[in-house]
Amino acid sequence: MSNEIIPRPALGKPTVVPAPQGYSGAGFMATKLEDVIGMARKNSIWPLPFATSCCGIEFMSTMASNYDLARFGMERLSFSPRQSDLLMVMGTISKKMAPVLKEVYTQMAEPKWVLSVGACASSGGIFDTYSVLQGIDRVIPVDVYVPGCPPRPEQIIDGILKIQELVAQEGFRRRYSKEYEHLLKTYKID
Ligand code: SF4
Numbered sequence: 014m015s016n017e018i019i020p021r022p023a024l025g026k027p028t029v030v031p032a033p034q035g036y037s038g039a040g041f042m043a044t045k046l047e048d049v050i051g052m053a054r055k056n057s058i059w060p061l062p063f064a065t066s067c068c069g070i071e072f073m074s075t076m077a078s079n080y081d082l083a084r085f086g087m088e089r090l091s092f093s094p095r096q097s098d099l100l101m102v103m104g105t106i107s108k109k110m111a112p113v114l115k116e117v118y119t120q121m122a123e124p125k126w127v128l129s130v131g132a133c134a135s136s137g138g139i140f141d142t143y144s145v146l147q148g149i150d151r152v153i154p155v156d157v158y159v160p161g162c163p164p165r166p167e168q169i170i171d172g173i174l175k176i177q178e179l180v181a182q183e184g185f186r187r188r189y190s191k192e193y194e195h196l197l198k199t200y201k202i203d
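Whatever position you read off the sequence shown (first residue = 1), add 13 for this note's numbering.
Now the structure itself:
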């Protein structure tokens, strides 16, 4: 991965989010409500960083001025699950920690998404031992995986952009669908 930093808009020039597809004319614009809500959600994600080890340091770098996660409408980190919609898991998760992670996930309101950052969170990484959870998807559903040990901030940002794509495209009714209900049941989550 190159060390190139994603360019930011020039000072004084705010990023303008493109409007969803639709029909527009003089003084009007018609589009789907679902698309407008998708656009708003996509650009105002509130992440909950669940950082347990070295990958968390990469996340700190992703938040800081060089990479500046605020460009994606994500400057408001939440350490309260009830006020977050993106759970970012970064670092080694021990089996003892797994119920805590699951509790945090279940306390988050719908709709919610999960980003697994780094080899440890995604698969246990190099720690194929009795005490380490071999991937957080053993206890909670994951939407996007970011590979690497540790992943660079650019990779974390790439994962976030993929989450944003999912958020923007998610239909209103997905969380009420039989498939989603079934998915949660497989994780024993009510
Ligand atoms: S994936 Fe590598 S850098 Fe990330 S927490 Fe595990 S050992 Fe540390």
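The C-beta atom is built at its ideal place from N, Cα and C for all residues, glycine as well.
Exercise for the section: Apply the 10 Å Cβ neighbour rule to K125 and answer buried if 16 or more other Cβ atoms are within range, or exposed otherwise. Expected result: As a first step, residue 125 is located in the sequence shown; it is residue number 112 there, counting from the start. When all chains shown are included, K125 counts as buried.
Exercise for the section: May I have all residues whose beta carbon comes closer than 6 Å to any heavy atom of the ligand SF4, sorted in chain order? Expected result: Ordered by chain, the residues meeting the criterion of a beta-carbon within less than 6 Å of a non-hydrogen atom of the ligand SF4 are S66, C67, C68, G104, T105, G131, A132, C133, G138, C162 and P163.
Exercise for the section: Taking 9 Å as the cut-off, decide whether the C-beta atoms of S107 and V145 are in contact. Expected result: Residue numbering aside, residue 107 sits at position 94 when the sequence shown is read from its first letter. Residue numbering aside, residue 145 sits at position 132 when the sequence shown is read from its first letter. Yes, the Cβ-Cβ distance between S107 and V145 is below 9 Å.
Exercise for the section: Tell whether a beta-carbon distance below 9 Å holds between I202 and T119. Expected result: Locating residue 202 in the sequence shown gives position 189, where the first residue counts as 1. Locating residue 119 in the sequence shown gives position 106, where the first residue counts as 1. One thing to note: I202 has its Cβ within 9 Å of the Cβ of T119.
Problem - Beta-ladder partner(s) of Y36, from DSSP - result: For this step, residue 36 is matched to residue 23 along the sequence shown. Within the DSSP secondary-structure output, Y36 pairs in a beta bridge with A43.
Practice task
For the alpha helix (DSSP H) holding V155, just list the boundary residues, first then last.
Solution key: One-based indexing of the sequence shown puts residue 155 at position 142. It is not in any alpha helix (DSSP H) - V155 carries neither H nor E in the DSSP assignment.
Handout entry: Per-residue burial, V130 [other beta carbons within 10 Å of its own, 16 or more giving buried]
Key = What you label residue 130 is simply residue 117 of the sequence shown in a count that begins at 1. If you draw a 10 Å sphere on the C-beta of V130, you find 16 or more other C-beta atoms in it, and that means buried.
Problem - Cβ separation of C68 and P160, assumed to be a contact under 8 Å, to the nearest whole Å - result: Here the question's residue 68 lines up with position 55 in the sequence shown. Here the question's residue 160 lines up with position 147 in the sequence shown. No, C68 and P160 are not in contact; Cβ-Cβ is about 11 Å, not under 8 Å.
Exercise for the section: Decide if Y80 is buried, meaning its Cβ has at least 16 other Cβ atoms within 10 Å, or exposed. Expected result: For this step, residue 80 is matched to residue 67 along the sequence shown. The residue in question, Y80, is buried, as its Cβ has 16 or more Cβ neighbours within 10 Å.
Exercise for the section: Could you give the DSSP three-state label for S15: helix, strand or coil? Expected result: Reading the sequence shown from its first residue, position 2 is the one you call residue 15. Low per-residue confidence applies at S15: pLDDT is 45, beneath 50, and the placement is therefore not dependable, though the value from the model is reported in the following sentence. When DSSP states are grouped into helix, strand and coil, S15 belongs to the coil group.
Handout entry: Among R54, A122 and E71, nearest to R87 - alpha-carbon criterion
Key = Residue mapping note: residue 87 aligns to position 74 of the sequence shown, counting from 1. The question names Arg, but residue 87 in the sequence shown is Met. Among R54, A122 and E71, the Cα nearest to that of M87 is on R54.
Exercise for the section: Please name the residue or residues paired with L99 in a DSSP beta bridge. Expected result: For the purposes of this step, residue 99 is taken as the residue at position 86 of the sequence shown. DSSP lists P60 and W126 as partners of L99.
Handout entry: Assigned exposure category for M121 - 16 Cβ within 10 Å defines buried
Key = Along the sequence shown, one-based indexing puts residue 121 at 108. Result: buried.
Handout entry: Length of the line joining the Cα atoms of M76 and A83
Key = Counting from one through the sequence shown, the residue named residue 76 turns up at place 63. Counting from one through the sequence shown, the residue named residue 83 turns up at place 70. A straight line joining the alpha-carbon of M76 with that of A83 spans about 7 Å.
Problem - Cβ-based burial, M103 [other Cβ within 10 Å; buried from 16] - result: As a position in the sequence shown, residue 103 is number 90, starting the count at 1. Looking at its Cβ environment, which holds 16 or more other Cβ atoms inside 10 Å, M103 is buried.
Exercise for the section: Run the CB neighbour count on I70, radius 10 Å, all protein chains shown included, and call it buried at 16 or more, exposed below. Expected result: Here residue 70 refers to the residue found at position 57 of the sequence shown. Burial check for I70: the Cβ neighbour count within 10 Å stays below 16, so the residue is exposed.
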